[in-house]
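Since the structure comes first, as structure tokens, the remarks are kept for the end.
Chains as they are written, first to last, in UniProt numbering: chain P, 1 to 484; chain V, 1 to 474.
In structure tokens:
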């Protein structure tokens with residue numbers, strides 16, 4: 001393991017990954033990989049999650065292609081130095097921010113969107129000029145295998161490597177030193193990753209999870225609301241970190257909500273959901289059993305059918321759920337939707353605030369003031385109002401959590417920034433040493449006053465400031481010299 | 001009820017602050033501005049007291065105290081007050097085809113309960129500047145000033161709270177043991193300035209609660225001097241930044257890299273500069289600081305034995321005085337090149353040219369600052385391109401940190417995160433992505449709903465290719 005990481009580090013130190021042309025070439029190669037080997041990639045995702053080709057393509061591949069194109073288009077601009085506003089003291093100097101690669105980056109993926117959650121960070125890491133070690137989730141075996149097979153065929157084999165394995169291998173890997181670690185997964189392992197990172201002072205981006213609440217106001221069009229929620233909840237069989245985890249609404253709405261979700265489920269997946277090619281399965285037996293146990297003692301309004309052999313769990317809705325029960329104690333990550341009745345929006349807000357900050361928060365209402373209030377008085381990684389999931393799709397948004405749902409963010413330019421060091425640079429000249437006499441000891445009160453002046457004074461008009469600076473610098477130096 | 005020896009001294013304070021945060025007390029711009037103005041008044045009302053305390057703790061001259069502690073802090077307060085409302089504004093972001101009709105913005109939110117742990121070398125600046133950011137961002141703050149800079153610690157504990165709303169601000173005191181205890185609690189953000197060793201301890205403690213951190217650490221900041229420079233100008237600039245605060249500055253040039261020929265020219269120039277700055281007897285100059293305590297004094301005195309003393313080398317235990325010193329003939333393995341010096345000692349390492357210098361620098365941990373002196377801008381830019389460091393300054397010392405439009409922070413072992421100016425506000429804020437969609441226009445969503453057919457897929461691919469912005473359509 002150590003040798004592998006060393007090899008990648010040596011490759012980075014060679015400087016190969018830094019030139020813009022190289023980065024663009026690698027990104028183009030990645031794009032070719034996704035296009036040429038689309039069938040293999042889709043097949044892998046499909047067999048891991050019993051996903052239809054359409055879903056695999058639209059949920060994972062499309063976003064990847066979009067990110068690569070976005071990166072290719074904008075990278076030439078992003079790698080350039082950005083000048084910053086100067087003050088009187090630095091008026092004649094060059095002051096800018098220069099993005100630089102961090103070095104060797106570790107990306108640990110998750111199994112629920114096994115391709116997207118590896119490749120999207122990878123794109124940004126490559127774009128930022130780093131070397132990358134990828135550790136796909138071992139639970140999505142086929143995708144892990146195909147990544148290990150395909151990436152070396154298209155990308156530089158020393159700069160970007162795939163390491164596969166389980167808990168043991170990941171633990172070994174985490175003992176090594178990296179320059180940034182991006183982890184997608186659960187809170188428990190998130191803590192382990194951060195603790196391992198602390199030993200090397202490695203910065204981390206942790207994309208974790210939580211229970212994303214979904215508040216439905218009385219004042220809304222339930223038909224539309226329930227369609228949108230049904231789409232977001234049962235996509236990928238509920239195995240989405242930003243799926244609406246549970247619903248909060250007034251008790252009087254429950255029956256209607258149940259009815260409309262039921263109708264929508266039928267519309268989306270047909271009479272026999274099990275036969276719909278668009279409905280996925282639970283990733284493995286362990287999670288299947290886990291989700292099943294959440295149903296114990298609950299009022300199943302509809303759904304609840306399961307089949308262990310195929311790891312099938314029907315789209316399920318629970319009503320009158322008691323917040324103290326198990327289904328409300330952990331992130332569900334499955335096609336079970338509890339409805340917890342609350343009396344009003346105040347109670348909903350309190351309910352949300354009593355709990356850990358979620359990765360996403362959803363609120364449905366025609367009343368914009370209510371939506372605004374919900375946002376103002378709660379916290380979460382992100383918010384979508386009157387829909388679900390969608391804030392994930394806009395890559396001008398930083399995507400990440402807060403509190404126990406995570407730290408850091410990525411997507412689009414935010415990925416580039418996450419994997420770069422934005423280095424502040426000030427370039428002065430060796431001339432005009434006279435002006436510096438102001439700062440050198442022996443000091444005097446007048447020097448203090450002049451020093452403060454130059455440090456704190458702002459000017460609105462740059463050219464005027466420049467003129468004034470030169471004039472004042474000369475005056476000051478002369479005066480101070482005269483005062484001795 | 002007995003006061004149990006195991007009772008947590010911080011529990012009540014932290015609970016009180018958290019409760020205040022939860023009721024939304026710190027959210028309004030008016031409240032935050034009032035806090036910042038309070039901070040400004042603290043600085044103005046107590047200016048003399050602060051100067052005296054800094055003189056007591058570190059023998060800082062009025063010049064150093066004013067410029068590097070009071071004025072910098074005041075400047076940050078003013079900057080925050082001027083820009084608070086602009087910084088707090090929701091930031092609208094470019095939208096994709098699918099979200100054209102929606103409202104898409106980033107909301108800056110306070111994290112909640114913030115812990116700031118400050119060091120002793122710039123005990124006012126490095127406490128107040130982060131505090132400005134945390135308050136401007138609307139957080140409740142627990143401040144843990146350094147127990148080593150005792151006089152300032154006292155003022156921060158006794159005077160500062162009177163200027164701020166104490167329901168959302170507290171100062172806690174103590175040494176390593178108390179700090180360890182404090183760190184067992186859950187915070188929503190931890191801002192630490194200090195050594196890498198303690199930085200690891202802080203981050204490990206933060207990991208238990210998944211608390212995000214900013215760590216402003218340190219390292220050995222290299223300073224390359226090219227042969228084509230005027231040695232006197234270089235000597236002036238390097239000496240000023242090296243001996244400022246008796247060398248106890250995280251961004252000071254730690255060691256020099258130059259050719260033996262340049263070294264020959266630099267030595268007399270450095271001697272001339274030091275004499276001009278501090279007189280023939282630097283110990284009696286009011287412009288030279290002192291070492292913070294005995295422990296660091298002894299540590300530094302031991303370093304005087306490395307290599308050969310070319311300039312200075314005197315020390316006085318009673319005064320915790322170390323003369324502005326330059327060491328030559330130093331081996332890389334000697335202690336003075338193994339740890340961050342943090343004192344008025346400047347070793348000169350010889351290299352033959354830029355390549356060797358770059359190689360020397362890159363063999364070591366990434367420093368907090370990097371300096372390169374050369375008349376050739378090519379040389380300066382080359383060093384910039386082929387190394388990494390928190391910040392970089394060409395042809396001067398750490399001037400770059402006085403520019404609030406430049407972020408201040410480390411990379412690698414020199415730190416995580418950054419601050420100053422708007423970067424402070426952003427550091428102490430959670431950037432929350434908010435997408436507000438229309439409750440109608442459902443037809444536009446039709447393509448995303450199952451059941452899916454090959455026709456759907458073709459539609460999607462066509463839509464993908466027709467987009468004018470590279471974002472997903474769904």
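Glycine included, every Cβ here is placed at the ideal spot set by N, Cα and C. Predicted, not measured: the structure shown is a model, and the values here were computed from it.
Nearest-angstrom Cβ-Cβ length linking residue i and residue j, presumed shorter than 8 Å
| i | j | result |
| --- | --- | --- |
| residue 420/V | residue 108/V | No, residue 420/V and residue 108/V are not in contact; Cβ-Cβ is about 17 Å, not under 8 Å. |
| residue 321/V | residue 283/V | 5 Å |
| residue 395/V | residue 263/V | Incorrect: roughly 19 Å between the Cβ atoms, too far for contact. |
| residue 221/V | residue 406/V | Contact flag wrong, Cβ pair sits at about 16 Å. |
| residue 492/P | residue 399/P | Chain P is shown from 1 up to 484; residue 492/P falls before or after that span and cannot be answered. |
| residue 182/V | residue 10/V | 6 Å |
Proximity below 8 Å, CB of residue i to CB of residue j
| i | j | result |
| --- | --- | --- |
| residue 26/P | residue 174/P | no |
| residue 134/P | residue 118/P | yes |
| residue 403/P | residue 331/P | no |
| residue 243/V | residue 212/V | no |
| residue 131/P | residue 273/P | no |
| residue 46/V | residue 155/V | yes |
| residue 256/V | residue 229/V | no |
| residue 347/V | residue 305/V | no |
| residue 317/P | residue 328/P | no |
| residue 364/P | residue 158/P | no |
| residue 398/V | residue 443/P | no |
| residue 88/P | residue 454/P | yes |
| residue 143/V | residue 54/V | no |
| residue 65/V | residue 51/V | yes |
| residue 201/P | residue 203/V | yes |
| residue 453/V | residue 101/V | no |
| residue 165/P | residue 141/P | no |
| residue 247/V | residue 112/V | no |
| residue 389/P | residue 185/P | no |
Extent of the continuous alpha helix (DSSP H) to which residue i belongs
| i | result |
| --- | --- |
| residue 75/V | 72 to 88 |
| residue 249/P | Per DSSP, residue 249/P belongs to no alpha helix (DSSP H); it is in the beta strand (DSSP E), 246 to 249. |
| residue 356/V | 354 to 362 |
| residue 127/P | 116 to 127 |
Backbone CA spacing between residue i and residue j [nearest angstrom]
| i | j | result |
| --- | --- | --- |
| residue 473/V | residue 115/P | Any reading at residue 473/V must be qualified, since the residue scores a pLDDT of 40, below 50, and its modelled position is unreliable; the value itself is stated next. Answer to the nearest angstrom: the Cα atoms are 19 Å apart. |
| residue 401/P | residue 355/V | 43 Å |
| residue 344/P | residue 230/P | 23 Å |
| residue 302/P | residue 228/P | 18 Å |
| residue 455/V | residue 252/P | 40 Å |
| residue 444/V | residue 298/P | 36 Å |
| residue 78/V | residue 271/V | 39 Å |
| residue 306/P | residue 414/P | 41 Å |
| residue 214/P | residue 246/P | 6 Å |
| residue 448/V | residue 315/P | 18 Å |
| residue 288/P | residue 361/V | 54 Å |
| residue 195/P | residue 430/P | 45 Å |
| residue 39/P | residue 337/P | 33 Å |
| residue 368/V | residue 426/P | 14 Å |
| residue 387/V | residue 84/P | 21 Å |
| residue 433/P | residue 233/V | 7 Å |
| residue 71/P | residue 94/V | 15 Å |
| residue 258/P | residue 405/P | 28 Å |
| residue 225/P | residue 124/P | 35 Å |
Host beta strand (DSSP E) of residue i (start-end)
| i | result |
| --- | --- |
| residue 349/V | 345 to 350 |
| residue 475/V | Not covered by the structure: residue 475/V. The range shown for chain V is 1 to 474. |
| residue 109/V | 103 to 110 |
beta-carbon residue i near the ligand MG non-hydrogen atom, thresh 7 Å
| i | result |
| --- | --- |
| residue 448/V | Summarising the ligand content, the structure contains no ligands, and the ligand MG is consequently not present. |
Every unbroken beta strand (DSSP E) within the segment 194 to 259 of chain V, with a cutoff of 3 residues, ordered by chain: 213 to 216, 222 to 225, 255 to 258
Segments of 3+ residues assigned as beta strand (DSSP E) that fall wholly inside the segment 309 to 341 of chain P: 316 to 319, 336 to 341
Could you give the uninterrupted runs of the alpha helix (DSSP H) lying entirely in the segment 217 to 300 of chain P, keeping only those of 4 residues or more? 222 to 234, 254 to 269, 285 to 294
Quick check on the DSSP output: what are the complete alpha helix (DSSP H) runs of length 4 or more inside the segment 146 to 219 of chain P, in order along the chain? 167 to 175, 187 to 198
Length-filtered (3 minimum) beta strand (DSSP E) runs lying within the segment 48 to 109 of chain P: 94 to 101, 104 to 108
What residue ranges within the segment 390 to 460 of chain V form continuous beta strand (DSSP E) runs of no fewer than 3 residues, ordered along the chain? 391 to 394, 429 to 436
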